[in-house]
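The listed protein sequences derive, respectively, from chains A and B. Under my numbering, residues 35 to 146 are what the first sequence spells out, in order. Under my numbering, residues 3 to 115 are what the second sequence spells out, in order.
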Amino acid sequence: GQQLNQSPQSMFIQEGEDVSMNCTSSSIFNTWLWYKQDPGEGPVLLIALYKAGELTSNGRLTAQFGITRKDSFLNISASIPSDVGIYFCAGFPNFGNEKLTFGTGTRLTIIP
Amino acid sequence: DAGVIQSPRHEVTEMGQEVTLRCKPISGHNSLFWYRQTMMRGLELLIYFNNNVPIDDSGMPEDRFSAKMPNASFSTLKIQPSEPRDSAVYFCASSRDLLATQYFGPGTRLLVL
């Protein structure tokens with residue numbers, strides 16, 4: 035099935051650094067979601083975006099719904115060790131399409 | 003509040019055996035989804051239900067896979083007979099309705115030998 039293009043695939047950063055990742059698609063999405071998956075667990079919702087241009091924060095996390103409806107980014111400020119994990123973007127491709135499409139994931143590793 | 007509950011958390015079985023995975027969605031959620039996650043293919047949607055009715059099972063890989071939702075608080079995913087290539091993590095997710103945010107369970111890690 036269709037997958038969102040998520041980049042980068044992996045990141046190695048030092049604690050305290052800021053992180054930025056994004057998701058792009060060739061088609062329009064009307065909802066963007068960002069999930070985090072810890073090892074051995076299921077994806078946990080971080081941020082949900084419902085409107086083009088919307089910018090939403092959740093603590094140190096900030097995500098935006100691209101104005102073209104074809105992209106979204108997630109920023110993490112001042113990373114800490116518990117930020118380690120895999121981050122997935124997801125979205126509903128177009129109005130009425132009820133199948134949630136997932137990105138390929140960004141694996142975040144923090145170097146002590 | 004209890005989240006999505008899945009059991010078992012881990013399952014090791016031999017090829018040819020029947021495997022049944024269980025899911026209890028969040029109370030009040032009307033939609034339930036079964037996903038499979040592998041390194042090669044990422045997260046794949048297998049089947050989803052709305053108000054206990056299967057809506058789309060086009061993601062089910064083969065006839066060996068079947069899913070049921072006999073009531074609003076319980077669903078099963080069955081693999082019979084199981085094969086080594088079925089080894090993966092199987093997630094159940096639920097949402098208030100089909101276009102609402104999905105909440106995932108902790109997953110069942112299946113290993114077929």
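Ideal placement from N, C-alpha and C gives every residue a C-beta, glycine not left out.
Buried versus exposed, by CB contacts within 10 Å (16 or more), Asp88(B)
buried
What does Ser108(B) touch in chain A if you count any residue whose Cβ is under 7 Å from its own?
Looking at the sequence provided, one finds Pro at residue 108(B) rather than Ser. For Pro108(B), the chain A residues whose C-beta falls within less than 7 Å of its own C-beta are Glu75, Gly76, listed in chain order.
Starting from Asp58(B) and walking both ways along the beta strand (DSSP E), at which residues does that stretch end?
55-58
For Phe93(B), would you say it is in contact with chain A, using Cβ-to-Cβ distances shorter than 8 Å as the test?
yes
When you compare the CB of Gly125(A) with every CB in chain B, is at least one pair closer than 8 Å?
no
Please list the residues of the region 30-47 of chain B that have a C-beta atom closer than 8 Å to any C-beta atom in chain A, keeping them in chain order.
Phe35, Gly44, Leu45, Glu46, Leu47
3 or more residues per run - each beta strand (DSSP E) lying fully within the region 63-97 of chain B:
Listed in chain order, the complete beta strand (DSSP E) runs (minimum 3 residues) inside the region 63-97 of chain B are 67-73, 76-81, 90-97.
Does Leu101(B) come within less than 8 Å of chain A when only Cβ atoms are used?
yes
Are Arg38(B) and Ala90(B) close, meaning C-beta to C-beta below 8 Å?
yes
Which partner residues does Lys26(B) have in the DSSP bridge list?
Ile7(B)
Unbroken beta strand (DSSP E) run spanning Ile144(A), endpoints:
140-145
Taking buried to mean at least 16 other C-beta atoms within 10 Å of its own C-beta, is Tyr84(A) buried or exposed?
Using a 10 angstroms sphere on the CB of Tyr84(A), the tally of other CB atoms stays under 16, which defines it as exposed.
For Asp52(A) and Met45(A), the rounded distance between their alpha carbons:
Roughly 11 Å separates the two Cα atoms.
Give the interface partners of Leu229(A) over in chain B, defined as CB-CB distance under 7 Å, in chain order.
In the structure as shown, chain A starts at 35 and stops at 146, and residue 229(A) therefore has no counterpart that could be examined.
Under 8 Å, do Gly44(B) and Thr138(A) count as touching if we go by C-beta distance?
yes
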